[in-house]
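K.L.:
Structure provided below as structure tokens; questions to follow.
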Amino acid sequence: MIKKILTAIWAVILSVLFSGCSTVTAKPEPILKIGIISDTHCYDTLDDWGVSNLEKALKLFASKNTEMLLMAGDLANYGDYPETFTLYRKLCSKYFPQQSPIQIICAGNHDLYVRNNNDIAGLFKRFCDKLDIPHRNPYHTVIKGYDFITLSEDLNCKYTPELIGKLAKELEIAAKRDPQKPIFVITHYPPQDTITGSQGRSGKAELRKLFNKYPQIISISGHKHSPLEDERSIWQKEFTAINASTLNYGCIEGDFFNTCNGILPFGREAVQALYMEVYADNIVIRRYNVEDSCEIKPGKAWNFALPYDPANPKYSIAGRSAKSTPPAFPENAGLLLRYDYGFVYAVFDAAKHEDMVKYYAVEVARKDKNGIYQTTGSVKFIADFYRLKNNRTKRMFFKLPDDLLQAGKWHKISVYAVETFGKASKPLVIERLIPHEWGFRKVDPKAMPQE
3 MIKKILTAIW AVILSVLFSG CSTVTAKPEP ILKIGIISDT HCYDTLDDWG
53 VSNLEKALKL FASKNTEMLL MAGDLANYGD YPETFTLYRK LCSKYFPQQS
103 PIQIICAGNH DLYVRNNNDI AGLFKRFCDK LDIPHRNPYH TVIKGYDFIT
153 LSEDLNCKYT PELIGKLAKE LEIAAKRDPQ KPIFVITHYP PQDTITGSQG
203 RSGKAELRKL FNKYPQIISI SGHKHSPLED ERSIWQKEFT AINASTLNYG
253 CIEGDFFNTC NGILPFGREA VQALYMEVYA DNIVIRRYNV EDSCEIKPGK
303 AWNFALPYDP ANPKYSIAGR SAKSTPPAFP ENAGLLLRYD YGFVYAVFDA
353 AKHEDMVKYY AVEVARKDKN GIYQTTGSVK FIADFYRLKN NRTKRMFFKL
403 PDDLLQAGKW HKISVYAVET FGKASKPLVI ERLIPHEWGF RKVDPKAMPQ
453 E
């Protein structure tokens with residue numbers, strides 16, 4: 003009897019230990035492995051900065067056995083150098099010697115910039131011929147059951163009503179072919195008011211209006227050079243939109259004092275690409291800086307279910323903003339003013355956030371004759387979230403505009419750290435009498451901040 007009981011107990015133990023083993027399944031292989039790049043701004047020589055970063059991206063994609071390459075425009079810095087497109091093909095053959103990936107490429111405004119040449123039809127044909135891609139706009143193909151459509155703009159950086167009409171027909175064809183699967187649409191310019199950088203004139207209202215009709219659209223665009231660390235690089239509402247960033251220099255949308263025409267300080271460190279895996283029921287997108295081949299925010303890949311349900315968007319602005327918290331400065335963080343050769347710098351400890359600090363807002367007030375502080379102005383400084391990890395600083399140094407301060411007067415300076423959805427920290431505050439001896443030199447806003 004005792005032997006039977008022990009045998010039964012042992013059987014139960016083994017059952018518990020090995021239960022589930024028969025249900026463990028291997029992770030499915032992706033249906034498609036896709037490398038995504040944009041805005042390389044290359045010249046037709048191997049020692050060019052854009053070409054160097056393009057090679058790093060292709061090497062990264064080759065290590066993942068990528069079978070498709072999506073290029074969202076501005077492969078060349080100027081269409082005056084058409085052999086840039088030929089060089090691109092040679093590099094693809096170099097890093098994919100067995101079989102080059104399927105190429106899905108749209109033309110950007112720089113690809114079609116040729117001095118003293120307004121023949122848009124001829125320039126686009128040359129672009130396609132050099133890249134050995136079909137001479138069609140829009141271009142629509144089906145790969146492993148998924149629709150891919152590219153749309154190149156005209157010479158005036160616009161999508162004409164004629165082009166939009168043609169795109170609408172292709173979208174209708176794709177939606178009828180398979181109403182559940184995503185439709186990948188690659189354009190150089192983003193649809194308006196979607197991803198970061200699409201709020202200005204570069205965001206195209208005609209694309210947004212059309213795309214709103216098709217929730218299965220995954221819009222992939224370039225042009226804005228926006229860093230992928232910014233979570234507003236992916237957007238979901240009526241459809242899904244994704245920023246493809248840049249392989250040449252990072253930019254930012256908005257009025258920041260330490261940028262030059264939108265170009266970021268040390269923006270050459272923001273050379274980035276996307277790697278996408280398409281599965282039957284979801285999509286996974288990983289972000290990389292190709293300078294060091296490191297994944298941006300490892301463990302935080304973008305991942306959303308298919309088919310996409312616009313009633314339940316994972317990456318909506320409203321949903322993510324509601325969950326976000328304000329940044330915070332370290333306990334006992336300091337704020338100092340430093341005077342160097344006619345310039346005044348705000349010096350303070352960097353703030354912290356669960357995701358990233360996007361920028362710092364500095365407000366300046368000056369005492370009037372009644373001893374009451376009156377606001378003289380404010381200014382925003384982009385933070386260094388996009389820089390290579392080892393180059394990010396723990397102490398921030400920002401040159402203040404000369405017109406915010408006055409020698410011989412009391413000032414109150416407040417610094418707020420702000421995250422990407424606009425939530426601000428409690429401020430660091432300093433009250434300071436600016437010495438009479440401080441003479442201010444005018445800040446040249448055209449000077450590159452890092453040079």
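Take the sequence shown: its position 428, counting from 1, is numbered 430 in our numbering, and each next residue is one higher. Just so you know, even glycine gets a beta-carbon here, dropped at the ideal spot from N, CA and C.
Q105 bridges to which residues according to DSSP?
P.N.:
Looking at the DSSP output, Q105 sits in a beta bridge with L71.
K.L.:
Looking at the unbroken beta strand (DSSP E) that takes in S221, where does it start and where does it end?
P.N.:
219-223
K.L.:
Any heavy atom of the ligand NAP closer than 8 angstroms to the CB of G379?
P.N.:
Absent from the structure shown: the ligand NAP. Ligands present: none.
K.L.:
Out of curiosity, what's the CA-to-CA distance linking L2 and E271?
P.N.:
The structure shown does not extend to residue 2, since the chain is modelled only from 3 to 453, so the question has no answer here.
K.L.:
Enumerate in chain order the residues of its own chain whose CB-to-CB distance from Y80 is below 6 angstroms, with the five nearest sequence positions on each side excluded.
P.N.:
Here Y80 has Y115 as same chain residues with Cβ atoms under 6 angstroms from its own Cβ, once five neighbours each way along the sequence are excluded.
K.L.:
If you draw a straight line from the C-alpha of Y277 to the C-alpha of V292, how long is it?
P.N.:
11 angstroms
K.L.:
What number of angstroms, rounded off, separates the C-alpha of T463 from the C-alpha of R322?
P.N.:
The question about residue 463 has no answer here: the residues shown for the chain are numbered 3 through 453.
K.L.:
Give me, in chain order, the residues of the same chain whose beta-carbon lies closer than 6 angstroms to that of E240; leave out the 5 immediate sequence neighbours on both sides.
P.N.:
N214, P312
K.L.:
Cβ of H112 within 9 angstroms of Cβ of G167?
P.N.:
no
K.L.:
Can you tell me whether K58 is buried or exposed, with buried defined as 16 or more other CB within 10 angstroms of its CB?
P.N.:
buried
K.L.:
Consult DSSP for Y97 and reduce its assignment to one of helix, strand or coil.
P.N.:
DSSP places Y97 in the helix class (H, G or I) of the three-state scheme.
K.L.:
For D405, name the three-state secondary structure that DSSP assigns.
P.N.:
helix
K.L.:
With distance defined between alpha-carbon atoms, name the residue in S228, I244, F258, A303 nearest to V273.
P.N.:
S228
K.L.:
Suppose you measure from the CA of S380 to the CA of E333; what does that come to, to the nearest Å?
P.N.:
CA-CA distance, S380 to E333, rounds to 24 angstroms.
K.L.:
For S427, tell me which candidate among Y361, D156, K96, T242 has the shortest Cα-Cα distance.
P.N.:
Y361
K.L.:
Just list the residues that DSSP pairs Q376 with in beta bridges.
P.N.:
BP columns for Q376 point to R368.
K.L.:
Relative to the C-alpha of A320, which candidate in G424, M358, S295, N393 has its C-alpha closest?
P.N.:
G424
K.L.:
Quick one, are the C-beta atoms of V364 and Y418 less than 9 angstroms apart?
P.N.:
V364 places its beta carbon less than 9 angstroms from that of Y418.
K.L.:
Could you check how far apart the C-beta atoms of F387 and F400 are, in whole angstroms? I think they sit under 8 angstroms.
P.N.:
Not confirmed; about 15 angstroms, so no contact.
K.L.:
Can you list, in chain order, the residues of its chain whose CB lies under 8 angstroms from that of D131, leaving out five sequence neighbours each side?
P.N.:
H137
K.L.:
Can we say the stretch 195-204 touches the stretch 275-289, given the rule of at least three CB pairs closer than 8 angstroms?
P.N.:
Result no; under three Cβ-Cβ pairs closer than 8 angstroms.
K.L.:
Sort out for me which residues DSSP pairs R288 with in a bridge.
P.N.:
The partner list for R288 (beta bridge, DSSP) reads Y277.
K.L.:
On the CB-based measure, 16 or more other CB atoms within 10 Å of its CB, does V18 come out buried or exposed?
P.N.:
With a pLDDT of 42 at V18, under the threshold of 50, the modelled position of this residue cannot be trusted, and the question is left open.
K.L.:
Grouping DSSP H, G and I as helix and E and B as strand, with all else coil, what is F186?
P.N.:
Strand.
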